[in-house]
Structures are given as structure tokens and as C-alpha cells.
Amino acid sequence: MVLFWFRRDLRLHDNTGFFKALTSGAQVLPFFIFDTDILDKLDDTQDARVTFIYKTIENLHQQLETYNSTLLVKYGKPEAVIAELLQTYAVEAIYTNHDYEPYSRQRDLRLQQLLKKHNVSFCSFKDQVIFEKEEIMTQSGSPYKVYTPYKNSWLKAFKPEHAEEAPSQHQLQHLLNHAKTKVPTLHKMGFQVSEVEVPDPDVSADTLSAYHDTRNLPALDATSRLSVHLRFGTFSVRQAVQLALRHNKVWLQELIWREFFMQLLYHFPQTTNESFYPKFRQITWRNNEQEFEKWCQGTTGFPLVDAGMRELNQTGFMHNRVRMVVASFLVKDLFVDWRWGEAYFAAKLLDYEQSSNIGNWQWAAGTGADAQPYFRIFNPDSQVKKFDKQHEYIKRWVPEFGTAAYPAPMVDHSQARDRALQEFKKSIEMM
Ligand code: FAD
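Count along the sequence shown from 1, add 1222, and you get the number used in the working numbering.
Here you go:
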């Protein structure tokens, strides 16, 4: 028999590694680990992502029981859990899908060593992207650092078969018959149920075909809300690409941004914690904690920034246009290290994706690969005029906007802008 390890691919249909396991000729027993190395780092015991994963896992568990099989749900460190599984079952191989984050790659290397000692194969597959690792490289064989040529190469390399589904859902007769098992409770793992709901994706023809016109208007809620589902694999990227090809090429470009940042993090894992270019590593950030706190709470006196931060705090989501505005404001107007903002988003975003978050924060800060040039600084008031003219989005999240209760702007944008420009220049001159 072989084991299939669900990780960030929490679905039975169109799952490459699962399909490969089910068609390997062996019977398949699936498992999932609530990884204490990850869970122990979360501060919020009501973390909405943990609740979402938990509900998804319960659902998979129930579905697999209808096939007289089960999902083994474990809680612990992956090495310890897997060592125990090898003691209990006569395992020939562990199947799974690739995971490209630095932590996951190291974990998988350690596990491969463990499995080797037991003569068990580790069979891992590409599933969460269309193109991975070295598949899209420049002509000189190096990774792309700029999005547009990456996107052009991606589109050139793409063939319809890249988005063909891996029909795992039609192979479930190869699951191992297994007695019923229990899912450990959330409570036992030190968590409580969060009230924050994860919305279903909206990938309707109407939404996607209007995307290029509506995507920048936060009041409309007109984007797909797919990010959290791509993060945890409750939606397949191949299906997303098929929809994009059918309905809107502009939306396809967004999916390619996701892959661009994934390959960047894969090739440059050191950028998790430092600016992509050394010339920006000398900056002396102001890092004023009280000012940072105002940004976190959405009480800066800049209404689009405040609306965005309150949306994030209440729902775990923020519209992309507003993410760009709040990020620029924190880094340029308050001159706070982009890593503080990145960490705050990482704690709050339901769709937190290390590669996209770091890539976009460095883009907004002007310190990243293919970043917005550091001297292009968003004016938070002009952004309101362009994208929320009627203050519809702002009033949804900041009900006191326009009343005496709403705070005055905490900085003078034009002075703050000049201060940021000077500091950036200083850092470049130090190189
Ligand atoms: P849609 O507009 O419908 O786009 C479809 C999909 O394309 C998204 O689900 C996402 O997978 C991908 N996508 C769209 N824009 C981007 C982008 N700029 N970069 C990478 N992928 C993109 N996205 C995350 O998934 N996780 C993050 O942690 C994250 N952090 C961000 C931090 C900052 C400072 C900024 C400016 C953007 C960040 N984004 C992040 C990108 C983007 O804001 C979200 O992907 C998007 O808002 C999710 O909403 P949606 O699913 O409705 O997107």
C-alpha cells in the first residue's frame, strides 16, 4: 500500500499527486498532519485559517468514509507522525505534491532521508502551479526577476495540456478499505472555532468577463476571491487557468503573477527576510511603534488606508488595490520596515501566501525584484479619487468617516514623501 499526504491541495478532484497514487497499482491510504511546527507559531487561538483547514479536513474525512476508506488525521511533527505511520502500516511509498516554501522544502528533505532508511519512496508532483522551479527561465538560463518577460515566456510555453485535469476523483476505487478513524478536535490542538467565514470563490462568467473593468474598484467586490482556495488547494489552478482562457486573459495575468512570485521565492529564498537588492538593505527605518499601531488599527486619518486595515482586521481579506495603498503608506509615509507590514499581513490574511506576500510587499516598498520604482509613491488621497470616488468602500469600513470622531491625518503626505525619498537615496549612495 502507499500513503497519500494531503498538504496544500485539500481536494479529491483534479489532484495530481493523489491521482498518481491512485493509479500506481497499490491501494492508497490518505493522511493529513496538523503540523505543530506551524501551529505553534500562531498567536491567535481563533485563527480563521486553522478553522478553515479543519472544516475542509472534516469534509474530506467524511467523503473518504463513503468509499469505506478514511483520512488519517494526525497532530504533531511531520517526522514523528510519519515514523509512527511506517511502524503501523506496510508502506511502499509516500505520494504528495510539491511545496516550494523554504520551510517545506527543508522539511521534505529531512523526510526523504528518513524514508530512505526505511526503503520507502517519496513521490512528489507538481500540482499547485502550471510552471514550477526551472521550467520558465531566461535565455541565459537564469530565473526571471521581471514580471513582463516572465509572463511572455509563460504564455509562450503554455499548451492546453498544461491545464488538463488529473482526474483523481474517478480513481477512488483504489483507496484502501479502512476502519473508521477520528479527527482530533480543534480544542485538543489548542484552537477554537473562528467566526470568520471564508467565502466561496466567484468564478462565474459574469464576474470574470467584467474583471478588467471592475478589478480596481474595492466597493464592488468584483474579484474572484480565489486566493484562499488556491492557497489551501480547495480549488485547482488548472481549472482556474481554463476559466481564465475562456473568460478573461487579464485575469490569467493575475494567476501568472502568483507563479512569478512563487518562482522568485523558490530561486531566492533569502528574500523572505531581506530586501531583494542589497542597495536597499542599508535603510534606517523609523519603525515608530505607536504609528505602526495606528496603521494596524486603521486610525491613521487616511480613509482608504483605514478602511483597508479595518476590512483586513474584521474579515481576513483586503482588496488588492487597497493592499497596495496601505503597504505604500506604511513603508513610504510612516517609513516603517516593509517586514513589519509583511508580518502583520501574514498573521491576518486568510489567503496568506509567503511568496505573494513577500513579493508584493517588496514591490510596494520598491525594494524587490520588478518592484515599483522606490520614487513612485502612492498619494493616498488621489487613490480615493480614482478608485473610491463616492466613498462607498470607505464608508462601509469607516462609519465615522466625515464626522468629528474621525481622526485628522497622522502625517503630512508631501513631507513624509520627501523624507522617504531622501532615506532611499541615502541607502543607494552607501553602496
Ligand atoms: P483576483 O483579483 O480575482 O485574482 C485571481 C488570483 O490571482 C488571486 O486569487 C491570486 O491567486 C492571484 N493574484 C492576483 N493578484 C496577485 C498579485 N498581485 N500577486 C500574486 N498573485 C496575485 N495574494 C495572496 O494570495 N496572498 C498574499 O499573502 C498576498 N499578499 C499581498 C500583499 C500585498 C501588499 C499586496 C499588494 C498584494 C498581496 N496579494 C496576496 C495579492 C492580491 O492582493 C491577492 O491575491 C488578491 O487580492 C486576492 O483576491 P482575489 O482572489 O479576489 O484576486
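Even for Gly, the Cβ is constructed at its ideal location relative to N, Cα and C.
Residue environment analysis places glutamate 1383 among the exposed positions, since fewer than 16 neighbouring C-beta atoms fall within 10 angstroms of its C-beta. Nearest C-alpha to glycine 1239 among Tyr1366, Val1303, Gln1393: Gln1393. Distance from the CA atom of valine 1558 to the CA atom of threonine 1625, rounded to whole angstroms, is 29 Å. For glutamine 1512, the number of other beta carbons within 10 angstroms of its own is below 16, and it is reported as exposed.
In this structure asparagine 1237 does not touch alanine 1385 by the C-beta definition: roughly 15 Å separates them, more than the 8 Å allowed. Spatial neighbours of methionine 1652 in its own chain (CB-CB distance under 6 Å, excluding positions within 5 residues in sequence) are listed in chain order as Gln1504.
Assignment of beta strand (DSSP E) within the region 1335-1371, counting only whole runs of 3 or more residues, yields 1343-1347 in chain order.
Going by beta carbons, leucine 1430 and threonine 1436 fall outside the 8 Å limit. By the criterion of at least three beta-carbon pairs nearer than 8 Å, the region 1577-1587 is not in contact with the region 1331-1341.
Around the beta-carbon of threonine 1522, 16 or more other beta-carbon atoms lie within 10 Å, marking it buried.
Taking non-hydrogen atoms of the ligand FAD into account, the C-beta of serine 1578 is found less than 7 Å away from one of them. Less than 8 Å separates the beta-carbon of glutamate 1354 from that of lysine 1348. Under the rule that a run must span 4 or more residues, the alpha helix (DSSP H) segments found entirely inside the region 1271-1345 read 1300-1310, 1324-1339. Remark: C-beta atoms of isoleucine 1616 and alanine 1529 approach each other more closely than 8 Å. The beta carbon of glutamine 1268 lies closer than 6 Å to those of Gln1414, Ser1416 in the same chain, with the five residues before and after it left out. Cβ-Cβ distances below 8 Å link proline 1500 to Met1653 in the same chain, with the five nearest sequence neighbours on each side left out; the list follows chain order. DSSP lists no beta-bridge partner residue for leucine 1534.
DSSP, read as helix, strand or coil, puts valine 1633 in coil. Listed in chain order, the non-local C-beta contacts of lysine 1570 below 8 Å within the same chain comprise Leu1534, Asn1535, Gly1538, local neighbours out to five positions each way being set aside. Here glycine 1590 has Phe1498, Gln1584 as same chain residues with Cβ atoms under 6 Å from its own Cβ, once five neighbours each way along the sequence are excluded.
Straight through space, the alpha carbons of alanine 1432 and glutamate 1614 are spaced by roughly 20 Å. Residue state for aspartate 1257 is assigned as strand, using DSSP reduced to three classes.
The beta carbon of alanine 1312 lies closer than 7 Å to those of Met1223 in the same chain, with the five residues before and after it left out. According to the DSSP secondary-structure assignment, valine 1224 is paired through a beta bridge with Val1250, Ala1315.
Around the beta-carbon of proline 1595, fewer than 16 other beta-carbon atoms lie within 10 Å, marking it exposed. Counting only residues of its own chain and dropping the five nearest sequence neighbours on each side, phenylalanine 1514 has a CB closer than 8 Å to the CB of Leu1552, Leu1556, Val1558, Trp1562. In chain order, Leu1336 place their CB closer than 7 Å to the CB of alanine 1305, counting only its own chain and leaving out the 5 sequence neighbours on each side. Ranked by Cα distance from asparagine 1601, the first of His1489, Gln1485, His1635 is His1635. Between the C-alpha atoms of alanine 1248 and valine 1405 there is a straight-line separation of about 25 Å.
Going by C-alpha positions, valine 1620 is about 16 Å away from methionine 1632.
Per the DSSP secondary-structure output, leucine 1397 pairs in a beta bridge with Val1250. For histidine 1434, the CB stays at least 7 Å from every heavy atom of the ligand FAD.
Just measuring C-alpha positions, the residue of Gln1576, Ile1599, Glu1280 sitting nearest proline 1324 is Gln1576. CA-to-CA, the gap between lysine 1554 and alanine 1587 works out to about 7 Å. Fully contained in the region 1568-1636 are the following alpha helix (DSSP H) runs of length 4 or more, in chain order: 1576-1587, 1602-1609, 1614-1619.
The residues Gly1520, Trp1619, Val1620, in chain order, have a CB closer than 7 Å to that of arginine 1532 in the same chain once the five nearest residues on each side in sequence are set aside.
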